[in-house]
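Q:
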Amino acid sequence: MLNDETAPFEAEFAVVKLSDIKPNFDNSNTQGRLIKQESAIANIVNDFKPELIFYQEGGVNGVPIITRDGKVVSRNHRSEALRQIFNAQTHNAETAQQKYKQGAKEFLGVALENDEIIVRRLKENMSDKQILQLAFSSNIGRESTMGEKALSTLSLYRQNIATLPKALSSENVNGLKSLVSQHIDKQGNGLNTFEPNLALLTGLARNGKNSNILQSLDSIKGNSEYKNKIINMYVDNAGSFYNLANNPSFKNLEFRDILSDAMYYTAKQNPTREVDYTHLISDIESFLNIAKDKEALKNALVLDSNKIENLTAQAFGVALAKFSRQENPSSALYECLKEAPKALELATQPTFFTQGKALSEVDIYDFLEYLINQGQVTQSQSALSQLMPRLRELRESIANPQSSVSKVESSIEAKVIETDTLESTPQKVDSSDIIFTDTKGKEHTLTKEVQQQWCETFNLKSLDESYIPQLSQELQEAIGKEIKLTKGSLYKIIEKGREQYIPQIKETLEKPQIVLQDESEFIFAKQIKDDLYLTSIGKDFDTHITIISNSPKTDKTIQIS
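The UniProt record's numbering applies: residue 1 is where the sequence shown begins, and numbers increase by one.
1. Which value, in whole angstroms, describes the spacing of the CA atoms of Cys336 and Leu371?
2. Going by alpha carbons, who is nearest to Glu113 out of Tyr501, Val16, Ile494 and Pro248?
3. Report yes if the C-beta distance between Tyr157 and Ile184 is below 8 Å; otherwise report no.
4. Near Asn61, what residues of its chain come up, given a Cβ to Cβ distance below 6 Å and the 5 sequence neighbours on each side ignored?
5. Measure the C-alpha to C-alpha separation of Trp454 and Lys227 and round it to an integer number of angstroms.
6. Assuming Ile502 contacts Ile493 under a Cβ cut-off of 8 Å, what Cβ separation, rounded to an integer in Å, is found between them?
7. Please classify Pro350 as buried or exposed, where buried requires at least 16 other C-beta atoms within 10 Å of its C-beta.
8. Answer yes or no: do Leu253 and Phe241 have a C-beta to C-beta separation smaller than 8 Å?
9. Where does Gln269 fall in DSSP's three states?
10. Using DSSP bridges, identify the partner residues of Arg121.
11. Does the Cβ-Cβ distance between Ile528 and Glu507 come in under 8 Å?
12. For Glu418, count the other beta carbons within 10 Å of its own beta carbon; 16 or more makes it buried, fewer makes it exposed. Which is it?
13. Who are the near neighbours of Glu409 in its chain, counting only those whose CB is closer than 7 Å to its CB and skipping five residues on each side?
14. So the candidates are Ala300, Ile284, Asn310 and Ile435; which of them puts its Cα closest to the Cα of Ala262?
15. By the 10 Å Cβ neighbour count, where 16 or more other Cβ atoms means buried, how is Asn172 classified, buried or exposed?
16. Give me whichever residues DSSP pairs with Ile258 in a beta bridge.
17. Measuring CA to CA, which of Ala93, Lys129 and Thr90 is closest to Thr67?
18. Quick one: measure Cβ to Cβ for Gln314 and Tyr265, integer angstroms, because I've assumed they're closer than 8 Å.
19. Whose C-alpha, out of Ala347, Asn289 and Asp433, is nearest the C-alpha of Asn373?
20. Given that a residue counts as buried once 16 or more other Cβ atoms are within 10 Å of its Cβ, and exposed if not, what is Val275?
21. Can you give the Cα-Cα distance for Leu224 and Ile231, rounded to whole angstroms?
22. Under three-state DSSP, which class holds Leu204?
23. Taking Asn237 and Tyr334 to be in contact with their CB atoms under 8 Å, please state how far apart those CB atoms are, rounded to whole angstroms.
24. Taking the alpha helix (DSSP H) that Leu112 falls in, what are its first and last residues?
25. Among the residues of its own chain, which have a CB less than 7 Å from the CB of Tyr277, if the five just before and after it don't count?
26. So Ile435 is in the beta strand (DSSP E); what residue range does that whole segment cover?
27. If we count the other Cβ atoms within 10 Å of its Cβ and call it buried at 16 or more, is Asn125 buried or exposed?
28. Does the Cβ of His91 have 16 or more other Cβ atoms within 10 Å, making it buried, or fewer, making it exposed?
29. Quick one: Cα of Asn299 to Cα of Ile483, how far?
30. Tell me whether the beta-carbon of Met388 lies closer than 8 Å to the beta-carbon of Glu369.
31. Given that a residue counts as buried once 16 or more other Cβ atoms are within 10 Å of its Cβ, and exposed if not, what is Gln476?
32. Does DSSP put Lys49 in a helix, a strand or coil?
33. Applying the 10 Å Cβ sphere with the 16-neighbour rule, what's the burial state of Thr437?
34. Check the DSSP bridge columns for Ser74 and list the partner residues they point to.
35. What would DSSP say about Ala525, mapped onto helix, strand or coil?
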């Protein structure tokens with residue numbers, strides 16, 4: 001028996017040719033080793049102690065354990081040392097070789113040839129899964145990296161992880177990681193919180209496009225304080241990620257494929273959030289500009305077929321990096337992830353101009369918008385958040401081979417309300433009606449009556465003219481840029497079937513009773529008869545107009561006299 005958590009294994013002693021054993025250090029086959037420790041191998045060769053190989057009854061210590069085809073399951077470094085002992089021509093190697101042969105003679109009564117060693121060969125009745133579990137469990141307590149520790153703990157606790165309840169309820173991050181530990185570590189009664197939570201995180205994080213969880217853990221460089229801060233923030237919140245991944249309301253929210261890559265990008269963070277966001281904005285916009293040309297996009301994807309996934313993972317990583325800079329990173333991230341379901345539910349509620357979004361349709365980009373918008377509102381924060389829908393649209397366009405070129409270009413140019421979000425050039429039918437297709441492929445009709453109402457409401461000669469509301473000096477300074485309503489704004493209204501509210505837009509914008517600042521937008525409020533109308537203006541769009549019906553959250557209020 002290895003320990004109370006691991007099933008017994010059956011093996012038989014065998015004499016094999018030295019060339020038949022296959023140690024490896026590249027985290028493949030039956031090994032979770034990531035680093036070949038040359039110093040450990042040299043120590044075994046130069047100070048060979050046969051009693052550490054022979055006379056070690058049971059368990060994984062002692063004689064190497066191999067599969068039927070020679071892959072080393074346990075004692076990987078020792079197996080490599082034996083290869084060197086029998087192949088090297090040094091005095092220490094020759095001395096070690098004699099000691100090894102003498103030990104084999106005394107232990108098993110076997111006289112070995114120069115190219116023979118003794119191993120324990122596993123019986124044929126072990127499955128590949130059982131062999132891997134044995135291999136990784138054998139490294140417990142012997143890990144040389146955090147990645148190796150992640151593998152060994154996952155192997156130890158995998159069966160218990162499968163029995164976790166679908167939702168873990170807690171009041172704080174300490175309570176959560178203790179709860180995870182109690183469920184997973186049956187022996188420790190929850191006293192050891194780090195290793196069970198590390199195992200859960202490792203099990204959640206699937207291999208990413210660029211790295212797996214082992215590589216991501218080992219990529220965290222710097223002093224011990226910095227490394228521990230990043231690692232603990234993720235590990236302590238393994239239960240938080242688990243809750244989100246298993247939330248039945250968010251069937252389309254899948255972040256596990258990029259969780260390991262996100263950890264990598266968190267580890268590579270810049271000194272400030274501003275620098276992180278600015279660099280990422282530049283990378284995303286650069287790719288979107290390349291993608292304007294179909295041939296250039298094709299060539300770019302040949303060079304990096306995972307470009308969009310990489311940018312998405314980077315957004316995930318830098319959004320989480322913000323929490324690592326706080327006084328208590330684990331607690332700060334815990335509170336954010338705990339509130340995520342409520343926030344996502346609120347963000348998807350129907351509005352005057354939008355039909356809302358089913359919770360089952362919430363995806364990684366909705367989640368990233370929520371994460372990015374945490375903390376102090378800045379221009380870079382708003383800009384990065386607003387790039388997430390564009391990434392989504394571009395990814396969907398590329399993933400769908402039936403998408404037209406114009407739709408791909410549409411997703412690149414999209415700024416929510418501009419005419420560039422349209423899939424095709426409007427065509428006039430029935431004298432002056434306009435038919436257009438939105439980015440989801442749905443046709444809409446802009447009637448001549450609504451066109452006339454739009455022009456009359458905003459005193460425009462044609463739809464090609466823009467409307468610029470007359471705002472007070474105080475409000476202009478607060479917003480910091482000119483607001484425009486364009487033909488694209490009208491198209492967006494038609495898409496959502498909210499043209500009946502066109503008459504209230506101008507009055508709400510030019511004569512609001514109060515203006516609220518809510519994260520990345522300003523919300524104009526106006527009581528007209530018995531109804532309250534709310535019009536929101538996105539701060540970082542040159543032209544952005546939408547009407548919302550839900551009451552906004554607010555941190556600041558600008559009083560309008």
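Backbone N, C-alpha and C define an ideal beta-carbon position, used for all residues, glycine too. What you are looking at is a predicted structure, and each value in this text was computed from that prediction instead of being measured.
A: In short, the structure shows the following:
1. Cys336 and Leu371: Cα-Cα distance of roughly 8 Å.
2. When Tyr501, Val16, Ile494 and Pro248 are compared, the shortest CA-CA separation from Glu113 is found for Val16.
3. It is a contact, given that the beta carbons lie within the stated cut-off.
4. Same-chain partners within the cutoff: there are none.
5. If you draw a straight line from the Cα of Trp454 to the Cα of Lys227, it is about 58 Å long.
6. Correct: roughly 7 Å between the Cβ atoms.
7. Burial state of Pro350 is exposed, judged by a 10 Å Cβ sphere holding fewer than 16 other Cβ atoms.
8. In terms of Cβ geometry, Leu253 and Phe241 do not form a close pair [threshold 8 Å].
9. Coil at Gln269, not helix or strand.
10. Under DSSP, Arg121 forms a beta bridge with Glu12 and Ile66.
11. Using a Cβ distance threshold of 8 Å, Ile528 and Glu507 count as a contacting pair.
12. Interpretation of Glu418 is limited by its pLDDT of 35, a score under 50 that renders its predicted location unreliable; the figure taken from the coordinates is listed afterwards. With at least 16 other beta carbons inside 10 angstroms of its own, Glu418 counts as buried.
13. Confidence at Glu409 is low in this model, with a pLDDT of 39, below 50, so its placement is unreliable and no value can be given for it.
14. Here the closest residue by C-alpha is Asn310.
15. Asn172 comes out exposed.
16. Partner residues in a beta bridge of Ile258, as assigned by DSSP, do not exist.
17. Of all alpha-carbon atoms in Ala93, Lys129 and Thr90, the one lying nearest the alpha-carbon of Thr67 is that of Lys129.
18. Rounded to the nearest angstrom, the Cβ distance from Gln314 to Tyr265 is 5 Å, consistent with a contact under 8 Å.
19. For the residues Ala347, Asn289 and Asp433, the minimum Cα distance to Asn373 belongs to Ala347.
20. Around the C-beta of Val275, fewer than 16 other C-beta atoms lie within 10 Å, and the residue is accordingly described as exposed.
21. Looking at the sequence provided, one finds Ser at residue 224 rather than Leu. Cα-Cα distance, rounded: 10 Å.
22. Residue state, collapsed to three classes: helix.
23. Asn237 to Tyr334, Cβ: 6 Å. Contact.
24. Taken as a continuous stretch (DSSP letters only), Leu112 belongs to no alpha helix (DSSP H), as it is neither H nor E.
25. Excluding residues up to 5 positions away in sequence, Val318, Ser380, Gln381 and Leu384 lie with their Cβ nearer than 7 Å to the Cβ of Tyr277 in the same chain.
26. That run of the beta strand (DSSP E) goes Asp433 to Thr437.
27. Taking every protein chain shown into account, the CB of Asn125 has fewer than 16 other CB atoms within 10 angstroms, so this residue is exposed.
28. Exposed: under 16 other Cβ atoms inside 10 Å.
29. Spanning the two alpha carbons is a distance of roughly 38 Å.
30. Yes, the pair counts as a contact, with Cβ atoms nearer than the cut-off.
31. Exposed, since its Cβ has fewer than 16 Cβ neighbours within 10 Å.
32. Of the three classes helix, strand and coil, the one that applies to Lys49 here is coil, per DSSP.
33. A residue is called buried when at least 16 other Cβ atoms come within 10 angstroms of its Cβ; Thr437 meets this threshold and is buried.
34. Looking at the DSSP assignment, Ser74 forms a beta bridge with Ile65.
35. DSSP places Ala525 within a strand segment (E or B) once states are collapsed to three.
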